[in-house]
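The next block holds one structure in the form of structure tokens; read it before the comments.
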Ligand SMILES: Cc1ncc(COP(=O)(O)O)c(C=O)c1O
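In my numbering, the protein residues as written are 41 to 492.
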């Protein structure tokens, strides 16, 4: 008789019991019942649940802190806000009011920036796919266009012919900085492609290379990657200056700065690992200032932050709709928000907070989103006090990518409000079924007989 037990793969379950768990994070016993002085419950009563909430002071503060960290170290400096991270008009407008330029990667985003009265020459246009008409418009407007590939370069040469002018461009480059490396965007430096691309651009007599652009990845919490990118930029600039006589007007070291959210793969909470803006700036600016130019000819430095500016200022308030016991004995909670409006849950172990006093009896809980999908899990295992139907949870730091990458599925997407100076602004209405179905039509013959 075979007495061998069937193999089952080992699993590790994170336990977090007591007042301070071994990962250094206090458990969620102190209720987060107010955001910027507003009662969480009252906000939901007025604006519905789930509800995205923007703290305007927090957004302004993050912008100012980041700007200060870089500008004090590299005076010719400008933040170009990465629209894709969250292109709510209010978010973009607030950042432009603070002084940010726009970094866009599509005609759609370009239009949003122009509608917000961002002058064309304060737009950085990246992205691997820009149509010819979008490029023509961008050059006419004086935007900074960074070229991703040879096909695009050819289109820009055609445009130079049509306009009868020499066109200034930036070249997107990549380097062997991460594991795995980010080769998707631009031309690789180490393999010689980037040098060939600059030479190719300059050889046609129609293009002038005036910028270099690199984006090292996203949620890069190792500042040495930025130091290596900065040194790579300096070396590459020295080389193309010497070999090809290129003189840069700007260099752009992209986005990627981390926010205070903990990755699933991380052991320590982000509060302990996320570099400060000063640490990023210190890793980049002194190296760039050692570049091949006299001080008065320092190229303008751009960075393109997204996540690090807008993650922290946003909260998601969500209601408990059910609780149950799983056959494993674990407690489960179902929320009215799902991963369709919180897609970053794929990467982050969000820090869920209860919004009402619920005592100190913490229990490891699986938190399900409200979608009819098995993968819709917002936390596999989190330690929270008892909650029941109607209770509220607050999820902080949700501003990056969740709104711009949200998808409409089964439920309508919620309203978004902004808080400042005791005022509540409704910056996006909750979706209605009419809005979602407006582009649809139904042929008469499809309807006939439905009620027979
Ligand atoms: C070219 C470029 N710049 C900036 C960003 C913003 O990155 P993050 O949100 O990580 O700061 C991205 C995002 O992928 C990007 O592709």
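Backbone N, C-alpha and C fix where the C-beta goes; we use that ideal spot for every residue, glycine too.
Keep in mind it's a predicted model, so treat the numbers as computed, not measured.
- Query: Is the Cβ of residue 280 closer than 9 Å to any Cβ of chain C?
  - Reply: The chain inventory of the structure shown lacks chain C, comprising one protein chain alone.
- 9 Å Cβ cutoff met for residue 266 and residue 324: The sequence position of residue 266 within the chain shown is 226, counting from 1. The sequence position of residue 324 within the chain shown is 284, counting from 1. Yes, they are a contact pair.
- Task: Could you tell me how far apart the beta carbons of residue 209 and residue 185 are, in whole angstroms, since I believe they sit closer than 8 Å?
- Result: Position 169 of the chain shown, counted from the first residue, corresponds to residue 209. Position 145 of the chain shown, counted from the first residue, corresponds to residue 185. Yes, residue 209 and residue 185 are in contact; Cβ-Cβ is about 6 Å, under 8 Å.
- Simplified DSSP state of residue 198, which is helix, strand or coil: Indexing the chain shown from 1 puts residue 198 at position 158. If DSSP states are grouped into helix, strand and coil, residue 198 belongs with the helices.
- Specify the secondary structure class of residue 466 as computed by DSSP and reduced to three states. Residue 466 sits at position 426 when you count from the first residue of the chain shown. Strand.
- Task: Pull up the CB-CB distance for residue 328 and residue 114, whole angstroms please, since I reckon it's below 8 Å.
- Result: On the chain shown, residue 328 is found 288 positions in, with the first residue counted as 1. On the chain shown, residue 114 is found 74 positions in, with the first residue counted as 1. Right, the Cβ-Cβ distance comes to about 6 Å (below 8 Å), so this counts as a contact.
- alpha helix (DSSP H) runs wholly inside the stretch 300-325, at least 4 long, in chain order: 310-313
- Answer yes or no: the CB of residue 408 versus the heavy atoms of ligand 1, is any distance below 8 Å? Position 368 of the chain shown, counting from 1, holds the residue named residue 408. Not under cutoff, so the answer is no.
- Item | Beta-carbon gap between residue 458 and residue 158 smaller than 9 Å | As a working mapping, residue 458 is identified with position 418 in the chain shown. As a working mapping, residue 158 is identified with position 118 in the chain shown. No; because the gap between Cβ atoms is not below 9 Å, this pair is not in contact.
- Tell me the DSSP bridge mates of residue 94? Position 54 of the chain shown, counting from 1, holds the residue named residue 94. According to DSSP, residue 94 bridges with 354, 458.
- Query: DSSP puts residue 251 in a beta bridge; with which residues?
  - Reply: As a first step, residue 251 is located in the chain shown; it is residue number 211 there, counting from the start. Per DSSP, 210, 290.
- Message: Once DSSP output is grouped into helix, strand and coil, what is the label at residue 225?
- Response: Taking the first residue of the chain shown as 1, we reach residue 225 at position 185. Coil, per DSSP.
- Query: To the nearest angstrom, how far is it from the Cα of residue 337 to the Cα of residue 117?
  - Reply: Reading the chain shown from its first residue, position 297 is the one you call residue 337. Reading the chain shown from its first residue, position 77 is the one you call residue 117. Their backbone Cα atoms lie some 13 Å apart in a straight line.
- Message: For a quick check, are the C-beta atoms of residue 432 and residue 144 less than 9 Å apart?
- Response: As a working mapping, residue 432 is identified with position 392 in the chain shown. As a working mapping, residue 144 is identified with position 104 in the chain shown. Cβ atoms of residue 432 and residue 144: not closer than 9 Å.
- So the alpha helix (DSSP H) residue 118 belongs to, where does it begin and stop? Sequence index remark: in the chain shown, residue 118 carries index 78 (1-based). First-last for residue 118: 117-122, but that is the beta strand (DSSP E), not the alpha helix (DSSP H).
- residue 340, DSSP secondary structure in three states: Residue mapping note: residue 340 aligns to position 300 of the chain shown, counting from 1. Residue 340: strand per DSSP, three-state reduction.
- ligand 1: which residues have Cβ under 5 Å from any of its heavy atoms, chain order? 122, 125, 166, 255, 258, 294, 295, 296, 344, 345, 346, 347
- When the distance is taken between beta carbons, is residue 131 closer than 9 Å to residue 99? Here residue 99 corresponds to residue number 59 of the chain shown, with the count starting at 1. Here residue 131 corresponds to residue number 91 of the chain shown, with the count starting at 1. Yes.
- Report the three-state DSSP secondary structure of residue 110 (helix, strand or coil). Here residue 110 corresponds to residue number 70 of the chain shown, with the count starting at 1. Three-state DSSP puts residue 110 in a helix.
- Where does residue 388 fall in DSSP's three states? Walking along the chain shown from the start, residue 388 turns up at place 348. In the structure shown, residue 388 sits in a strand (DSSP, three-state: E or B).
- Query: In its own chain, which residues sit with a C-beta less than 8 Å from the C-beta of residue 456, not counting the 5 before and 5 after it?
  - Reply: On the chain shown, position 416 is the one that residue 456 refers to. Same-chain partners within the cutoff: 91, 92, 93, 94, 128, 443, 466, 467, 468.
- residue 380 versus residue 75 - alpha carbon distance: Here residue 380 refers to the residue found at position 340 when the chain shown is read from its first residue. Here residue 75 refers to the residue found at position 35 when the chain shown is read from its first residue. Spanning the two alpha carbons is a distance of roughly 24 Å.
- Message: Using the three-state DSSP reduction, which class does residue 451 fall into: helix, strand or coil?
- Response: Locating residue 451 in the chain shown gives position 411, counting from the first residue. Three-state result, residue 451: strand.
- Please name the residue in 254, 244, 309, 315 whose C-alpha comes closest to that of residue 290. Mapped onto the chain shown, residue 290 falls at position 250. Nearest C-alpha to residue 290: 254.
- Message: For residue 373, list the residues DSSP reports as bridge partners.
- Response: Residue numbering aside, residue 373 sits at position 333 when the chain shown is read from its first letter. 363, 407.
- Query: Excluding five sequence neighbours on each side, which residues of the same chain lie with their C-beta closer than 8 Å to the C-beta of residue 222?
  - Reply: Reading the chain shown from its first residue, position 182 is the one you call residue 222. The residues are 214, 255, 256, 257.
- Buried/exposed call for residue 155, threshold 16 Cβ in 10 Å: Working through the chain shown from its first residue, we reach residue 155 at position 115. Exposed, since its Cβ has fewer than 16 Cβ neighbours within 10 Å.
- Determine the direct distance from the alpha carbon of residue 296 to that of residue 362, and round the result to whole angstroms. Against the chain shown, residue 362 aligns to sequence position 322. Against the chain shown, residue 296 aligns to sequence position 256. C-alpha separation (whole angstroms): 37 Å.
- Task: Would you tell me roughly how many angstroms separate the C-alpha atoms of residue 425 and residue 368, rounded to the nearest one?
- Result: The count along the chain shown starts at 1 and reaches residue 425 at position 385. The count along the chain shown starts at 1 and reaches residue 368 at position 328. Going from the Cα of residue 425 to the Cα of residue 368 covers about 19 Å.
- What residues in its chain sit with their C-beta under 7 Å from that of residue 237, if we drop five residues either side in the sequence? Residue numbering aside, residue 237 sits at position 197 when the chain shown is read from its first letter. Once the five neighbours on either side are set aside, the close Cβ partners of residue 237 are 211, 227.
- Between which two residues does the alpha helix (DSSP H) containing residue 156 stretch? As a working note, residue 156 is residue 116 in the chain shown. Segment: none, residue 156 is in no alpha helix (DSSP H) and carries neither H nor E.
- Can you grab the Cα-Cα spacing for the pair residue 416 / residue 364, in whole Å? Along the chain shown, read from residue 1 onward, the residue named residue 416 stands at position 376. Along the chain shown, read from residue 1 onward, the residue named residue 364 stands at position 324. Straight-line Cα distance between these residues: approximately 16 Å.
- Message: If you reduce the DSSP assignment to three classes, tell me which class residue 271 lands in.
- Response: Along the chain shown, one-based indexing puts residue 271 at 231. Here residue 271 sits in helix by DSSP.
- Burial state of residue 476, where buried means 16 or more other Cβ atoms lie within 10 Å: Taking the first residue of the chain shown as position 1, residue 476 is located at position 436. Residue 476 comes out exposed.
- Item | Assigned secondary structure, residue 477 (DSSP; H/G/I helix, E/B strand, else coil) | Residue numbering aside, residue 477 sits at position 437 when the chain shown is read from its first letter. Residue 477: helix per DSSP, three-state reduction.
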